[in-house]
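In this note's numbering, the protein residues as written are 1 to 448. We put the beta carbon where it would ideally sit given N, CA and C, even for glycine. One structure below.
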Amino acid sequence: MASAAVSASPYLISASQGERLFLAPREYQASFLANDQINLGLIGSGIQGIYDTRAALSVDGVKVVAACDLYQGRLDRAKELWGDTLFTTRDYRELLERPDIDAVIVATPDHWHQKITIAALNAGKHVYCEKPMVQKWEEGQEIIATQKSSGKICQIGSQGMSSLVNEKGKQLYEDGAIGELVMLDFYNDRYSAEGAWQYPIPPDQNPDTVDFDTFLGNAPKVPYDAKRFFRWRNYKDYGTGVAGDLFVHAFSSLHYMIDSMGPTSALATGGLRYWKDGRDVPDVSITLYDFPKTKTHAAFNAVFRVNFIAGSGGGSGFKLIGTEGELEIGWNSVTVKRSKLNMAPGDYSMVAFTEATQEQIRNNHVHPREKTRKSALKTGTTTWESPRDYKGSHHDHFYNFFTAIREKGNVIQDPTFGLRAAGAAILANESYYKKQPVEWNPVLMKTV
Ligand SMILES: NC(=O)c1ccc[n+]([C@@H]2O[C@H](COP(=O)([O-])OP(=O)(O)OC[C@H]3O[C@@H](n4cnc5c(N)ncnc54)[C@H](O)[C@@H]3O)[C@@H](O)[C@H]2O)c1
């Protein structure tokens with residue numbers, strides 16, 4: 001099968017304001033045999049379930065045959081999108097019983113991921129489980145064990161990690177483009193109500209169209225509440241806060257690029273400052289993580305922060321800062337900045353020396369870092385962009401999943417990887433609610 005590799009020689013498109021290059025497109029296996037079709041069932045036909053299914057259907061030889069959801073309007077929407085012959089149900093167990101289904105997407109709220117993923121693997125289905133893999137890190141080992149015993153494929157859904165730019169970022173990091181990693185800076189500032197999880201509540205919601213009791217699952221029993229159902233992220237009983245929603249993507253990409261198992265401690269702060277709409281999770285969240293020295297990276301510190309009240313309009317960033325440069329990973333581009341190190345001292349410090357001494361210092365100046373510089377890569381700014389016709393990371397993540405099913409291979413984000421990313425993210429919540437630092441063993445994947 002054709003590999004999905006990035007060419008070493010990208011195409012130059014412009015050389016002003018730093019070099020801008022296009023990454024070479026990926027190559028995909030052209031098509032699959034008719035008897036190779038994978039029949040898919042969707043469990044949780046909400047926003048991400050629809051985006052996931054679209055991405056899945058963009059891979060050759062995949063058909064969606066069933067959808068499950070707890071709100072009737074979402075099942076109606078599924079038929080509107082994928083045809084009246086689609087099997088629909090409110091009970092995921094009915095979907096799992098169907099022998100015509102090979103694989104399922106689990107795109108329910110976080111508190112259902114573990115139970116449905118395990119049930120699906122035990123029913124002999126391959127599983128694409130949305131991130132964060134688990135709501136509580138303690139739930140992770142059972143998924144890992146069930147995936148192994150079932151022999152089925154399980155891909156976790158932080159799709160950004162499968163992007164061309166993540167792959168290029170990894171290659172640049174391994175080539176020493178930033179020297180040793182010193183700091184990781186991740187932020188996401190949002191302004192809109194939708195960005196702050198104020199999702200629309202449909203006018204036809206009521207206890208008949210919504211199966212609220214099933215939605216609650218093992219969470220505490222509360223009376224019917226449409227806000228809890230349609231805006232579940234705002235409640236810690238069902239979601240994982242910004243850590244499980246957003247930090248987890250950054251952890252997945254970071255762990256992949258630098259080949260890390262994760263941090264050893266987290267210290268979180270923040271608060272609920274603006275969105276006082278009944279939610280019980282913070283809308284400002286800042287967490288400091290410590291990563292230990294390993295074979296693949298030096299010890300470094302990471303700052304993860306999310307703000308849902310950005311009056312400036314918002315924005316996001318994800319930057320690896322190293323001894324020799326920095327690597328900025330965007331949605332569609334990766335930029336390396338490497339500065340010249342042979343800078344002579346400036347006027348600021350030279351002012352107190354005679355002209356003759358200044359001259360001597362300038363002539364003999366060697367930047368202290370020059371001796372320890374590891375990479376011979378050139379200085380300056382270089383940006384690599386995905387090609388214009390790139391199918392995107394979501395396509396690639398599903399392509400990787402379906403290829404692993406067809407070829408009995410491995411996925412890029414298996415449950416162990418998924419638990420390391422989710423566990424690191426969830427650590428922020430533990431620290432926030434306990435108001436103290438929390439230590440984590442990234443090898444054993446549990447708190448210390
Ligand atoms: N990978 C990404 O970029 C990405 C983006 C958004 C969301 N997500 C993840 O996808 C998941 C879903 O998020 P969303 O934004 O689509 O939420 P959503 O509320 O739009 O959709 C969730 C759906 O699950 C249904 N549901 C709830 N419990 C169920 C159950 N027991 N059985 C069947 N259906 C059930 C709900 O009725 C709802 O329609 C979350 O875990 C979220 O973290 C991932």
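Nearest CA to the CA of P132: which residue from L95, F247, A24, P387? Stepping through the sequence shown from its first residue, residue 132 is reached at position 132. Out of L95, F247, A24, P387, F247 has the C-alpha closest to the C-alpha of P132.
Would you please state the rounded distance, in angstroms, between the beta carbons of L320 and K168? I believe it to be under 8 Å. Within the sequence shown, residue 320 is the residue found at index 320, counting from 1. Within the sequence shown, residue 168 is the residue found at index 168, counting from 1. Not confirmed; about 13 Å, so no contact.
Starting from D185, trace the beta strand (DSSP E) in both directions and tell me its first and last residue. Here residue 185 corresponds to residue number 185 of the sequence shown, with the count starting at 1. Residue range 181-189 is occupied by the beta strand (DSSP E) that includes D185.
For S393 and G160, the rounded distance between their alpha carbons: The count along the sequence shown starts at 1 and reaches residue 160 at position 160. The count along the sequence shown starts at 1 and reaches residue 393 at position 393. Going from the Cα of G160 to the Cα of S393 covers about 6 Å.
Cβ-heavy atom distance, T117 to ligand 1, below 7 Å: On the sequence shown, position 117 is the one that residue 117 refers to. No - ligand 1 has no heavy atom lying nearer than 7 Å to the Cβ of T117.
In chain order, what are the residue ranges of uninterrupted beta strand (DSSP E) at least 3 long that sit wholly in the stretch 378-442? Segments of the beta strand (DSSP E) lying fully in the stretch 378-442: 380-385, 438-441.
Given 8 Å, three or more beta-carbon pairs between the stretch 177-191 and the stretch 303-319: Counting Cβ pairs under 8 Å, three or more are found: they touch.
Output needed for S252: all residues of its chain with C-beta closer than 6 Å, excluding positions within five of it in sequence on either side, in chain order. For the purposes of this step, residue 252 is taken as residue 252 along the sequence shown, with counting starting at 1. Around S252: S158, M161, A421.
Run the proximity test for H297: is its beta-carbon closer than 7 Å to any non-hydrogen atom belonging to ligand 2? Only ligand 1 can be found as ligands here, which leaves ligand 2 out of the picture.
Sub-8 Å separation of L172 and K152 beta-carbons: As a position in the sequence shown, residue 172 is number 172, starting the count at 1. As a position in the sequence shown, residue 152 is number 152, starting the count at 1. For L172 and K152, no; Cβs fall outside 8 Å.
Does the beta-carbon distance from A56 to L70 come in below 8 Å? On the sequence shown, position 56 is the one that residue 56 refers to. On the sequence shown, position 70 is the one that residue 70 refers to. No; because the gap between Cβ atoms is not below 8 Å, this pair is not in contact.
According to DSSP, is L444 part of a helix, a strand, or is it coil? The residue you call residue 444 lines up with position 444 of the sequence shown. L444: coil per DSSP, three-state reduction.
Would you check whether ligand 1 has a heavy atom nearer than 7 Å to the C-beta of I405? Mapped onto the sequence shown, residue 405 falls at position 405. Every heavy atom of ligand 1 is 7 Å or more from the Cβ of I405, so no.
Whole-Å CB distance - V438 paired with S260, under 8 Å assumed: Within the sequence shown, the letter at position 438 stands for residue 438. Within the sequence shown, the letter at position 260 stands for residue 260. About 18 Å separates the two Cβ atoms, so there is no contact after all.
Could you tell me if Y235 is buried or exposed, where buried requires 16 or more neighbouring beta carbons within 10 angstroms of its beta carbon? Position 235 of the sequence shown, counted from the start, is the residue given in the question as residue 235. Buried.
Taking only beta-carbon atoms, is L42 less than 8 Å away from chain D? You won't find chain D in this structure, because it holds only one protein chain.
Go through its chain and collect everything with a Cβ distance to Y92's Cβ below 6 Å, but skip five positions before and after it. Reading the sequence shown from its first residue, position 92 is the one you call residue 92. In the same chain as Y92, and ignoring 5 residues on each side of it, the C-beta atoms closer than 6 Å to its own belong to I43, C68, I116, in chain order.
Distance, Cα to Cα, D36 vs S163? Here residue 36 is taken as the residue at index 36 of the sequence shown, counted from 1. Here residue 163 is taken as the residue at index 163 of the sequence shown, counted from 1. C-alpha of D36 to C-alpha of S163: approximately 25 Å in a straight line.
A404 versus G140: straight-line alpha-carbon distance, rounded: The count along the sequence shown starts at 1 and reaches residue 404 at position 404. The count along the sequence shown starts at 1 and reaches residue 140 at position 140. So the two alpha carbons sit approximately 21 Å from each other.
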